[in-house]
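Participant:
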Amino acid sequence: MSESLPVDLEGQEYVLGTNDEELARLGFQHQVWGEIASRTWERAGFSPGHTLLDAGCGPGYSTFGLARLAGAEGKVVAVDKSQRFITYLNSQIKARGVENISAQVGDLENLHLPPSSVDGAYARWVFCFLERPQAAISEIAKTLQTGAAFAIQDYSNYRAFDIYPDSAVFNKVYEAVWESWKIHGSYADIGRRLPEMMSSCGLEVTHIEPIIRIARPGSALWKWPETFFISYMPTLVEMGLITEEDREEFIFDWRKRSQNPNAVFTTPVNVEVIGIKR
Numbered sequence: 004m005s006e007s008l009p010v011d012l013e014g015q016e017y018v019l020g021t022n023d024e025e026l027a028r029l030g031f032q033h034q035v036w037g038e039i040a041s042r043t044w045e046r047a048g049f050s051p052g053h054t055l056l057d058a059g060c061g062p063g064y065s066t067f068g069l070a071r072l073a074g075a076e077g078k079v080v081a082v083d084k085s086q087r088f089i090t091y092l093n094s095q096i097k098a099r100g101v102e103n104i105s106a107q108v109g110d111l112e113n114l115h116l117p118p119s120s121v122d123g124a125y126a127r128w129v130f131c132f133l134e135r136p137q138a139a140i141s142e143i144a145k146t147l148q149t150g151a152a153f154a155i156q157d158y159s160n161y162r163a164f165d166i167y168p169d170s171a172v173f174n175k176v177y178e179a180v181w182e183s184w185k186i187h188g189s190y191a192d193i194g195r196r197l198p199e200m201m202s203s204c205g206l207e208v209t210h211i212e213p214i215i216r217i218a219r220p221g222s223a224l225w226k227w228p229e230t231f232f233i234s235y236m237p238t239l240v241e242m243g244l245i246t247e248e249d250r251e252e253f254i255f256d257w258r259k260r261s262q263n264p265n266a267v268f269t270t271p272v273n274v275e276v277i278g279i280k281r
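So the number in this note's numbering is just where the residue sits in the sequence shown, counting from 1, plus 3.
1) Out of SER261, ALA151 and PHE132, point me to the one whose CA is closest to ASP110's CA.
2) Does the distance from the CB of ALA70 to the CB of ILE104 come in under 8 Å?
3) Would you mind stating whether VAL267 and GLU212 have Cβ atoms separated by less than 8 Å?
4) Is it right to say PRO62 is buried, meaning 16 or more other beta carbons lie within 10 angstroms of its own, or is it exposed?
5) How should VAL121 be labelled, buried or exposed, when 16 other C-beta atoms within 10 angstroms of its C-beta is the threshold for buried?
6) In angstroms, rounded to a whole number, what distance separates the CA positions of SER141 and CYS60?
7) List, from N- to C-terminal side, the alpha helix (DSSP H) runs of 4 residues or more that fit wholly inside the region 128–199.
8) Does DSSP put GLN15 in a helix, a strand or coil?
9) From GLY52 to TRP36, what distance separates their C-alpha atoms?
10) Could you tell me the distance, in whole angstroms, from the CA atom of HIS33 to the CA atom of TYR64?
11) Are the beta-carbon atoms belonging to ASP83 and VAL108 less than 8 Å from one another?
12) Is it buried or exposed, SER183, if we count other Cβ atoms within 10 angstroms and call 16 or more buried?
13) Going by beta-carbon coordinates alone, are LEU224 and VAL180 separated by less than 8 Å?
14) Going by the DSSP bridge assignment, what does PHE268 pair with across the sheet?
15) Kindly list the residues whose CB is nearer than 7 Å to the CB of PHE232, restricted to its own chain and excluding five residues on each side of it in sequence; keep chain order.
16) Quick one: what does DSSP say ILE89 is sitting in, helix, strand or coil?
17) Cβ atoms of PHE164 and PRO271: under 8 Å apart, would you say?
18) Under 8 Å between the Cβ atoms of PRO220 and ARG258?
19) Using beta-carbon positions only, say whether PHE88 and LEU72 come within less than 8 Å of one another.
20) Label GLU24 either buried or exposed according to how many other C-beta atoms from any shown protein chain fall within 10 Å of its C-beta, with 16 as the threshold for buried.
Rendered as structure tokens:
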């Protein structure tokens, strides 16, 4: 299988950025959600000896887990549009001495990989950021061998994020995040559309499951949204979607709830969708 992609996407950035702070945030995020990812891979039938596509791999936190699953007889093809993320991933591949990962810059909406070349594909929180998600699913479907699974985890109802005690500024910030993604041409609630998109690309949807989690102060899951909002709110201020006063009020309210043992928050509604190529 060819290991090169005839595109040069250096300099392309995600809505959330690719700086050192975002690298650290994504690493923590994977720790919080890694167990769910592993269950998804098992449900999708990913096995040792498989060639697996990590679509929109980012800096590769899931990639190494997939590589351990594929084993020495298998491999992972990791593709992301960010040159910075791929450079970081390649540095980690070299530092760890891993030999079954090929990381490359590429556009999922115009994916240049051989047809029927992978035994499974995985994407987590990727399609909510794409301008043409249907095109990406079509491209990825082409790379799958007959009987191979494409497993996706993505948001289905982002604004279902909820916290108690209530806070008006939280609701304002959630809405601003959703609006900011829309401004960039992406759709935060893409999960509800995925089954239809998969079906239109010749994938039989065999599994759909909601993913909703509840956290309390002091847990890693409680810390997960904090790392996101603290890093992303300055962007929302720059975009004019919230004010600096909103940002400060959000931080104050969050810290207050973090000290309240009776506080709880519910994650946005995610959906896990698995489609099989027939």
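Backbone N, C-alpha and C fix where the C-beta goes; we use that ideal spot for every residue, glycine too.
All of these numbers come straight from a predicted model, not from anything done at the bench.
Facilitator: By the coordinates alone:
1) Residue nearest to ASP110 within the set SER261, ALA151 and PHE132 is PHE132 (criterion: CA-CA distance).
2) Contact: yes.
3) No, they are not a contact pair.
4) With 16 or more Cβ atoms within 10 Å of its Cβ, PRO62 is classed as buried.
5) Around the CB of VAL121, 16 or more other CB atoms lie within 10 Å, so the residue is classed as buried.
6) As the crow flies, the alpha-carbon of SER141 is around 18 Å from that of CYS60.
7) Listed in chain order, they are 136–146 and 171–186.
8) Residue placement at GLN15 is flagged as unreliable, the pLDDT there being 43, under the threshold of 50; a coordinate-derived value is accordingly withheld.
9) Near 25 Å, if we compare the C-alpha coordinates of TRP36 and GLY52.
10) The straight-line gap from Cα to Cα measures roughly 6 Å.
11) Their beta carbons are under 8 Å apart, which means ASP83 touches VAL108 by this criterion.
12) Label assigned to SER183: buried.
13) No, these two residues do not count as a Cβ contact at 8 Å.
14) DSSP, once it has assigned bridges, lists ILE166 and ALA218 as partnering PHE268.
15) Cβ neighbours of PHE232 beyond the five flanking positions: VAL176 and PHE253.
16) Note: ILE89 maps to helix in three-state DSSP.
17) With contacts defined as CB atoms closer than 8 Å, PRO271 and PHE164 qualify as a contacting pair.
18) Contact flag unset, no.
19) Not in contact: PHE88 and LEU72 (Cβ atoms no closer than 8 Å).
20) Answer is exposed; the Cβ neighbour count stays below 16.
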